[in-house]
Every structure is written in structure tokens, then in C-alpha cells.
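Colleague:
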Amino acid sequence: VFLPVSSASPDFFGGLRRGNGKYANSIVALRIADGTVAWSFQTTHHDVWDYDLPAQPTLGMVTYNGKTVPAVLQPTKQGLLFTINREDGTPLIPVVERKVPQSAAAGDQLSPTQPIPIVPVPLAPNRIKPDDAFGLTFWDRGACHDKIAAARNDGLYTPPSTQGTILYPFTGGGTNWGGLAFDAAHDIVYVNTSSLIHLVTLIRQKEFQGVREKFFEKEVSPNAGAPFGMMREALLGPLGLPCNPPPWGKLHAVDMHTGKILWSVPLGTTEDMAPMTEYFLGTIGVPNLGGPMVTAGGLVFIGAAMDNYLRAFDAKTGAELWKGRLPAGGQATPMTYMWHGKQYVVIAAGGHSKLGTKRGDQVVAFALPN
1 VFLPVSSASP
11 DFFGGLRRGN
21 GKYANSIVAL
31 RIADGTVAWS
41 FQTTHHDVWD
51 YDLPAQPTLG
61 MVTYNGKTVP
71 AVLQPTKQGL
81 LFTINREDGT
91 PLIPVVERKV
101 PQSAAAGDQL
111 SPTQPIPIVP
121 VPLAPNRIKP
131 DDAFGLTFWD
141 RGACHDKIAA
151 ARNDGLYTPP
161 STQGTILYPF
171 TGGGTNWGGL
181 AFDAAHDIVY
191 VNTSSLIHLV
201 TLIRQKEFQG
211 VREKFFEKEV
221 SPNAGAPFGM
231 MREALLGPLG
241 LPCNPPPWGK
251 LHAVDMHTGK
261 ILWSVPLGTT
271 EDMAPMTEYF
281 LGTIGVPNLG
291 GPMVTAGGLV
301 FIGAAMDNYL
311 RAFDAKTGAE
321 LWKGRLPAGG
331 QATPMTYMWH
341 GKQYVVIAAG
351 GHSKLGTKRG
361 DQVVAFALPN
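Under the numbering used here, the residue at position 326 of the sequence shown is numbered 326, and the numbers go up by one with no gaps.
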């Protein structure tokens, strides 16, 4: 049994939990016979970014550098893809420990390094400068520029601070619920990612109540027992669009023989996120939750995006071939089945409160052409 284990609490301060936190932020393999741990592999050391593993691991036989191994494929919120030998927990695709930003909040001690697979390259951007700020107008861009410039912003794994720290990718991913799809016949992974910025600010406990009352509309948490509370917010411009440049959501294909990204395409439009903007933004790519499904016939189906569609993509090229309107948000992973010789694709259209998509309680099936 392969478990994707969450991060330790509180999310953004680790002074109450010294060390890397055994089994936290890890793939943990249990023996079915007695439940004992066979091995574990940690994807984030001493997590203070809420970079837990929300996606289920995927199993498959992976051939890399001419060696075929039973593997565990694990995408992460950071946009990383770990490929682990499922027999002994060692990386099939090598992982290096890279130095990361330090100077944690008072009382905390960070890991000096974090594990990064040598391939594929991160599937979500993780560094932004103030001049990269996005906006539809000069006013919009200027406001985002100033928000980014005011925060601590040293790239991936910049620790939370009282100044306010840029978390990029944000705590929704990279990859989140839904995981990935694996084409075992061709050793290709299909995986979707989101790309947004979170601003995380640590708040001294003596100041916490005043901050919570002032910013009651934002996510403000006391982190009980810790010297700091925290405030977390998406970094948005005055018009409500993200401060980082699009695409804000993508679908990728990765060749597991080499770790090379075969294609990456924007996923979704702003049609149901900021109506009318889709006419001049086009298929810009939007935040998403839910995974892809790949068929033997060479199609990749995915809902997930903040517009209410199920889409089909060409597995070889990434071209969008079709989309079907859903009655509510398709924040789920589709499945396929055969009935009387005809193939169907079905998805739960339930919506998602945090993404703000329309909620519903319908299961929608589409028939594939003969």
C-alpha cells in the first residue's frame, strides 16, 4: 500500500517540530501482510509551505535510461514529479539535494537543502520578479508589481516571514487532487498543474487578534501553541485576476524514458471565472482541481478547470479536439467504460467551493463516436 502523507502542523512554522519530520511529506510504502513500513521517501524536508502530497501515487512499469523498474509516480504541489522504485524506495530518476533559501522565522530551523528530481524540469513556474507582474491595464499591473516587490521573494522554498513571503507555486499546486494519468504502453505521463501566487505572512501572537479583526475576509489562522499566527491570501490584482502571468493552468505530457516534456498546453478559459474576458484572453489556462484520464485510442480527457467543461486532447500533440459543457464545475477525474459495444466517458460535476465554480450533484456521461 502506497500512501501520500501530509505535512506536519502548523503549516507555516516548524519551530515546534525540529528536524525533517519522519514520514511527513513522504510516500510511505506499507506491507499488506502486517501494515509495517517497508520504506518511505520524503519529497519536502521540514515543510513550512503547506507542500503536502495531496495527489495519490500512481503505479507503473517505467523504463528510464534503458532500465525497466516497477515504479511509483508522485506529482507534487511544487510542480515536481518523483519517480521511485517501488520495491526499495530509491529514486529511479535521480534526485539531488539543492540548497534553498534560509533565515527562517525566530525559533525555527529549516533544512538547508530540498530534494529535486533531475528530470523533468518543474512543471509549474517557481520564480517571479516584480516586473513580471500581470494585469489587463497599467493600473492593474502596477498594483501587482508593488505587492510582489513588498514581499520576501527568493524563489522556491523561501520561508514564511513577518514581512510576507511569496509562495510560488501556491499551496494549491503545481499538482493537487486528481494526480496524473500514465500511458503504460508508451511510458508517457499526463498531468495538469495550476500556477498562482500565495502571500503568506506570519503574525506575532500579540498582534494576532487585531490583524484578524482588520482582515476578517482573509484566511487568518492562530497556529495554536506557536509564537506566530498566519495570514494566507492569493495575490490578485484590482480586477480580481492573478498577479502572476498566465497560463494559470496547464496540461503536460512527459516522456518517462527521458524525463523530457513532450508538450504543455493551457488548460481552460476565464469564461466562468471572469465572464467576457475569454473573448480577448482566449484559452489562457486557469487554476484547476481534478485529474486527467488517457485512453488506448490516444485521447486525454480532463475537466478540472474553472470553466465548466470536459475536454479531450490529442495525446500525441496536445491539441484540444473537443469540449462538452457541464452543468457545474468538473473538479473530478473522469473515468471510461463500455456498454453494449459503445465507449463512454463519465465525470462528476459537483463544483468546488474554494475554486468558486458552480456547485451541483450530477454525473454526466458522453458517448465516444463509433
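All residues carry an ideal CB built from backbone N, CA and C; glycine is no exception.
Would you mind working out which of Pro245, Asn65 and Pro169 sits nearest aspartate 131, comparing C-alpha positions?
Modeller: Pro245
Colleague: Return the bridge partner residues of glutamate 97 from the DSSP annotation.
Modeller: Pro115
Colleague: Using only the alpha-carbon positions, how far apart do alanine 349 and phenylalanine 313 sit?
Modeller: 19 Å
Colleague: Smallest Cα separation from alanine 149: which of Ala105, Ile128 and Ile27?
Modeller: Ile128
Colleague: Where serine 6 and aspartate 108 are concerned, what is the direct C-alpha to C-alpha distance, given to the nearest angstrom?
Modeller: 20 Å
Colleague: Could you tell me whether the segment 178–190 touches the segment 155–167, using the rule of 3 or more Cβ pairs below 8 Å?
Modeller: no
Colleague: Going residue by residue through the segment 127–187, where are the continuous beta strand (DSSP E) segments of at least 3 residues, counting only ones entirely within it?
Modeller: 165–167 and 180–183
Colleague: Go ahead and label threonine 402 buried or exposed: buried means 16 or more other beta carbons lie within 10 angstroms of its beta carbon, across all protein chains shown.
Modeller: Because the chain is modelled from 1 through 370, residue 402 falls outside the range shown and cannot be assessed.
Colleague: Looking at the secondary structure, which residues open and close the alpha helix (DSSP H) in which arginine 212 lies?
Modeller: 205–214
Colleague: Keeping to the same chain, check which residues put their C-beta closer than 7 Å to that of glycine 215; ignore five residues upstream and five downstream.
Modeller: Per the sequence shown, the amino acid found at residue 215 is phenylalanine instead of glycine. Result list for phenylalanine 215: Met231, in chain order.
Colleague: Alanine 305 and leucine 281 look like a contact to me (Cβ under 8 Å); what is the Cβ gap, rounded to whole Å?
Modeller: Not quite, the Cβ-Cβ distance comes to about 13 Å (not below 8 Å), so this is no contact.
Colleague: With three or more beta-carbon pairs closer than 8 Å as the criterion, would you say the segment 134–145 touches the segment 66–85?
Modeller: no
Colleague: Report yes or no: do the segment 201–209 and the segment 249–266 share at least 3 C-beta pairs separated by less than 8 Å?
Modeller: no
Colleague: Given glutamate 87, which residues of its chain have a CB within under 7 Å of its CB, disregarding the five upstream and five downstream residues?
Modeller: Pro70
Colleague: Which residue's Cα is closest to the Cα of proline 287: Phe170, Gly15, Arg17 and Pro57?
Modeller: Phe170
Colleague: May I have a chain-ordered list of the alpha helix (DSSP H) segments no shorter than 4 residues that lie completely inside the segment 212–282?
Modeller: 278–281
Colleague: Based on Cα-Cα distance, which residue from Phe41, Gly60, Lys358 and Val28 lies nearest to aspartate 307?
Modeller: Lys358
Colleague: Mind checking which residues open and close the beta strand (DSSP E) that includes lysine 323?
Modeller: 320–325
Colleague: Put valine 72 into one of helix, strand or coil per three-state DSSP.
Modeller: strand
Colleague: If you count every other CB in all the chains shown that lies within 10 Å of the CB of leucine 53, and 16 or more means buried, which is it?
Modeller: buried
Colleague: Quick check: what's the CA-CA separation for leucine 326 versus threonine 270?
Modeller: 15 Å
Colleague: Isoleucine 188 and leucine 251: beta carbons closer than 9 Å?
Modeller: no
Colleague: For aspartate 11, collect the residues of the same chain with a Cβ closer than 7 Å to its Cβ; drop the 5 residues on either side in sequence, then sort them by chain order.
Modeller: Asp50
Colleague: Considering Cα atoms alone, identify which of Thr317, Gly285, Ala253 and Pro112 is closest to alanine 292.
Modeller: One detail in the question is off: residue 292 reads as proline in this sequence, not alanine. Closest option to proline 292, Cα to Cα, is Ala253.
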